[in-house]
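Notes for the one structure printed next.
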Amino acid sequence: MEILAFILLIIGIAAGVAVGLHLAKKRPAGPDQELLRQEADKIRLEAKAEAERLKKQALLDAKDEAFKLKQEAEAELKERQKSLQGLEQRLIHREEQLDKKQAYLDKKEIEIMEKEKGVAEARNRLKVEEEKLGQLLQEQNEKLEKIAGMTADEAKEQLLAKVEEEARQDAAKLLKKIETETREEAAKKAQEILALAISRYAGEYVAERSVSVVPLPSDEMKGRIIGREGRNIRAIEAATGIDLIIDDTPEAVLLSGFNPVRREVARVALERLVADGRIHPARIEEVVHKVEKEIDTAIREAGEQATFDVGVYGVHPELVKLLGKLKFRTSFAQNVLQHSIEVAFLCGIMAAELGLNVKKAKRAGLLHDIGKAVDHEVEGPHALIGADLAKKYKESKEVVHAIAAHHEDIKPETPIAVLVQAADALSGARPGARREMLETYVRRLEDLERIATSLPGVQKSYAVQAGREIRIMVDSGKVSDEEAVLISKDVAKKIESELSYPGQIKVTVIRETRAVDYAK
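Per my numbering, the sequence shown starts with residue 18, numbered consecutively.
Have a look at this one:
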């Protein structure tokens, strides 16, 4: 501010000098020169006074401005001091908190160190106690071994055996409970389906047999059948492919051959020749040729009738012909064509109850034994032979699989294959459906009793119900109720793996405890 006032003063003086010089120039020189000088001095004085005044005014303004600036600076300083005081207070508060936390952490650290020290001491004491306990256990085990007279390993084995026995009994109890519940649940539905299937198929069954015996009116006819030097019998055998056995059997001739159709041709032709009485090679060939045509027609008609009865259509003509051949084929004295028709009906009924394809189930049931029509000509199981034939004549994959799997030659993988298995077993297992040779029957009974008596704890076993049930008597002192369940399962598994039989065999284990006393 002082610099500004000084500058203004200089400016005022300069202005006064300039004005004086100007006036001096304008006025002429003369006597009034002194007056002009006085006037110029006056002006200088006025200018100087004005400059002083301006200087003072400037100084005052500068002081006012400086005072305002000082006040603003002081106010700003106060605000900053106030803000700094707030920050200082917060810093002091935070520092106090940090000090408290640090003190708390130090305290905790001391406590943790003390605890770690205590844990280490406890570990050392525990280690010492464990060593003492190990010594005590070792001493106790040695004493127990001396008292029991056996080592620890032997005692462990004995204990494990006992635990295993208890676990086996518990498992048997649980198995029996689960089996009972499952059997009750599944048996209801199975019984409904099977009972309905059997009741709906209530057709009469006649065991048609392809007999190989031709009755004769008298024994004199045997000589005519043989002919001069055996020419007639040779002609019959050559025309039919069947062996004629003429023995001491009165009024009968035995026909022997593996082909059931040829055997039927030979039987019918021989009966006609005997009835006609004219027996010579030319007549034999004529009659055999005529009978072959009739049998071929009968085969085709039988196959067509079977498909019509069952309701299966679109079967290849060759399969229909093979199906008709089953009319002259028997299995355990059961006619195979009748058996196939029955299986087809049973499959259809069960498939309907289970919501499966009824037509496909019937088709598989009807064709399941088709391999038996040619099994005397082709090697292999009839189920696989039949599957190959069905595949050859464009049957569906499910039908082919069901045919191949109905005797477990391959594992059944579809519901229809399982139905064919069940229906086949039902048809073959019905009382009177099949007949077995006496030797096979007796051998199966012996094998059943042998398998049952081979298990420990079994006293006696009896094969009953024509070999469809085996009853096993066990020692009640050696076999518990739970172990009786396991015995029944073991016997069933052995029978399944070692024997071949139609249908199913029931295994019954009988365990009883008798208390007997006498009153005297």
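Heads up, the beta-carbon is just placed ideally off N, CA and C, and yes, glycines get one too.
| Is DSSP giving Ala219 helix, strand or coil here? | Against the sequence shown, residue 219 aligns to sequence position 202. Because Ala219 sits at a pLDDT of 46, beneath the cut-off of 50, its placement in the model cannot be relied upon, and the following sentence gives the value as read from the coordinates. Coil, per DSSP.
| message | According to DSSP, is Arg279 part of a helix, a strand, or is it coil? | response | Your numbering for residue 279 matches position 262 in the sequence shown. Here Arg279 sits in helix by DSSP.
| message | Nearer than 7 angstroms: is that true of the beta carbon of Leu191 relative to any heavy atom of the ligand ADP? | response | With respect to the ligand ADP, the structure shown offers nothing to examine, as it has no ligands at all.
| request: Determine the burial state of Met130: buried for a count of at least 16 other Cβ atoms within 10 Å of its Cβ, exposed for fewer. | output: Working through the sequence shown from its first residue, we reach residue 130 at position 113. Met130 comes out exposed.
| message | Contact defined as beta carbons within less than 8 angstroms: I believe Ile487 pairs with Ala469. What is the distance between those atoms, to the nearest angstrom? | response | Residue mapping note: residue 487 aligns to position 470 of the sequence shown, counting from 1. Residue mapping note: residue 469 aligns to position 452 of the sequence shown, counting from 1. So it is a contact: roughly 6 angstroms between Cβ atoms.
| message | Tell me the rounded alpha-carbon separation between Lys320 and Asp405. | response | As a position in the sequence shown, residue 320 is number 303, starting the count at 1. As a position in the sequence shown, residue 405 is number 388, starting the count at 1. Residue identity check: residue 320 is Gly in the sequence provided, not Lys. Distance between the alpha carbons of Gly320 and Asp405: 19 angstroms.
| message | Is it buried or exposed, Phe325, if we count other Cβ atoms within 10 angstroms and call 16 or more buried? | response | Counted from its first residue, the sequence shown places residue 325 at position 308. Result: exposed.
| request: Kindly indicate which three-state DSSP category Ile387 falls into: helix, strand or coil? | output: Here residue 387 refers to the residue found at position 370 when the sequence shown is read from its first residue. Residue state, collapsed to three classes: helix.
| Do you know offhand how far Ser514's Cα is from Lys411's? | What you label residue 514 is simply residue 497 of the sequence shown in a count that begins at 1. What you label residue 411 is simply residue 394 of the sequence shown in a count that begins at 1. Answer to the nearest angstrom: the Cα atoms are 35 angstroms apart.
| message | What would DSSP say about Ser444, mapped onto helix, strand or coil? | response | Taking the sequence shown and counting its residues from 1, one reaches residue 444 at position 427. If DSSP states are grouped into helix, strand and coil, Ser444 belongs with the helices.
| From which residue to which residue does the beta strand (DSSP E) around Glu500 run? | Counting from one through the sequence shown, the residue named residue 500 turns up at place 483. Premise fails: Glu500 lies in the alpha helix (DSSP H), Asp498 to Glu515, not in any beta strand (DSSP E).
| query | Exposed or buried, which one is Ala46 when buried takes at least 16 other CB atoms within 10 Å? | reply | Within the sequence shown, the letter at position 29 stands for residue 46. In this prediction, Ala46 scores a pLDDT of 48, lower than 50, which makes its location untrustworthy; the coordinate-derived value is nonetheless stated afterwards. Exposed, by the Cβ-count rule.
| Reference Ile522, options Glu466, Glu96 and Gly294, closest by Cα | Here residue 522 refers to the residue found at position 505 when the sequence shown is read from its first residue. Checking every option, the nearest Cα to that of Ile522 belongs to Glu466.
| Between Leu94 and Gln55, what straight-line distance do the alpha-carbon atoms span, to the nearest angstrom? | Here residue 94 corresponds to residue number 77 of the sequence shown, with the count starting at 1. Here residue 55 corresponds to residue number 38 of the sequence shown, with the count starting at 1. For Leu94 and Gln55, the distance between alpha carbons rounds to 56 angstroms.
| query | When you compare only the Cα positions, how much space is there between Glu225 and Glu370? | reply | As a working note, residue 225 is residue 208 in the sequence shown. As a working note, residue 370 is residue 353 in the sequence shown. In this prediction, Glu225 scores a pLDDT of 38, lower than 50, which makes its location untrustworthy; the coordinate-derived value is nonetheless stated afterwards. Each residue's alpha carbon lies about 31 angstroms from the other.
| task | Leaving out five residues on either side along the sequence, give the residues of the same chain with a beta carbon under 6 angstroms from the beta carbon of Glu221. | result | Sequence index remark: in the sequence shown, residue 221 carries index 204 (1-based). For Glu221, the predicted structure reports a pLDDT of 41, less than 50, and the residue's modelled location is therefore unreliable. The matter cannot be settled from this model.
| Nearest-angstrom Cα distance between Tyr218 and Glu309? | For the purposes of this step, residue 218 is taken as the residue at position 201 of the sequence shown. For the purposes of this step, residue 309 is taken as the residue at position 292 of the sequence shown. Caution applies to Tyr218, whose pLDDT of 49 falls short of 50 and renders its modelled position unreliable; the model cannot decide the point.
| field | Interface flag, Pro398 vs chain D, CB-CB below 8 angstroms | value | Note that chain D does not occur in the displayed structure, where there is just one protein chain.
| task | Keeping to the same chain, check which residues put their C-beta closer than 8 angstroms to that of Ser505; ignore five residues upstream and five downstream. | result | As a first step, residue 505 is located in the sequence shown; it is residue number 488 there, counting from the start. Result list for Ser505: Ile489, Val524, Thr525 and Val526, in chain order.
| request: Reducing DSSP to helix, strand and coil, say where Ala536 ends up. | output: Counting from one through the sequence shown, the residue named residue 536 turns up at place 519. Coil at Ala536, not helix or strand.
| request: For my contact list, Val278 and Ile312 are in at a C-beta cut-off of 8 angstroms; report their separation, rounded to the angstrom. | output: Here residue 278 corresponds to residue number 261 of the sequence shown, with the count starting at 1. Here residue 312 corresponds to residue number 295 of the sequence shown, with the count starting at 1. Indeed, because the Cβ distance is near 6 angstroms, the residues count as touching under 8 angstroms.
| request: Determine the DSSP secondary structure at Gln482, reduced to helix, strand or coil. | output: The residue labelled residue 482 in the question sits at position 465 within the sequence shown. Gln482 falls in the coil class under three-state DSSP.
| Three-state secondary structure (DSSP) of Thr197 | On the sequence shown, position 180 is the one that residue 197 refers to. Helix at Thr197.
| Mind pulling the alpha helix (DSSP H) runs of 4 or more residues that sit fully within the segment 336-389? | 353-371 and 375-384
| task | Over the uninterrupted alpha helix (DSSP H) stretch that includes Val304, give me the two end residues. | result | Residue 304 sits at position 287 when you count from the first residue of the sequence shown. Per DSSP, Val304 belongs to the alpha helix (DSSP H) from Pro298 to Val327.
| task | Give a yes or no on contact between the segment 389-408 and the segment 436-443, applying the rule of three or more CB pairs nearer than 8 angstroms. | result | no
| request: Identify the continuous alpha helix (DSSP H) that holds Leu406 and give its terminal residues. | output: The count along the sequence shown starts at 1 and reaches residue 406 at position 389. Segment His399 to Lys409, the alpha helix (DSSP H) holding Leu406.
| field | Burial state of Arg531, where buried means 16 or more other Cβ atoms lie within 10 Å | value | Here residue 531 refers to the residue found at position 514 of the sequence shown. It counts as exposed.
| Considering only C-alpha positions, which residue in the set Glu181, Arg460 and Asp498 is nearest to Ala480? | Sequence index remark: in the sequence shown, residue 480 carries index 463 (1-based). Nearest of Glu181, Arg460 and Asp498 to Ala480, Cα basis: Arg460.
| query | Is it the case that the Cβ atoms of Val360 and Ser444 are separated by a distance below 8 angstroms? | reply | To locate residue 360, count along the sequence shown from 1; it is residue 343. To locate residue 444, count along the sequence shown from 1; it is residue 427. In contact: Val360 and Ser444 (Cβ atoms closer than 8 angstroms).
| query | Helix or strand or just coil, what does DSSP make of Lys428? | reply | Position 411 of the sequence shown, counting from 1, holds the residue named residue 428. Lys428 falls in the coil class under three-state DSSP.
| task | Report buried or exposed for Leu104, applying the criterion of at least 16 other Cβ atoms within 10 angstroms of its Cβ. | result | Here the question's residue 104 lines up with position 87 in the sequence shown. Per the 10 Å Cβ criterion, exposed.
| query | By a C-beta neighbour count over all protein chains shown, 10 Å radius and 16 as the cutoff for buried, is Ile262 buried or exposed? | reply | Stepping through the sequence shown from its first residue, residue 262 is reached at position 245. Result: exposed.
| field | Burial state of Ser562, where buried means 16 or more other Cβ atoms lie within 10 Å | value | As displayed, the chain neither begins before 18 nor continues past 537, which places residue 562 out of reach and without an answer.
| What residues in its chain sit with their C-beta under 7 angstroms from that of Ala378, if we drop five residues either side in the sequence? | Residue numbering aside, residue 378 sits at position 361 when the sequence shown is read from its first letter. Excluding positions up to five away in sequence, the list reads Cys364, Gly365, Ala368, Ile433 and Leu436.
| Which residue's Cα is closest to the Cα of Arg317: Leu340, Glu159, Arg245 and Glu425? | Along the sequence shown, one-based indexing puts residue 317 at 300. Considering only alpha carbons, the answer is Leu340.
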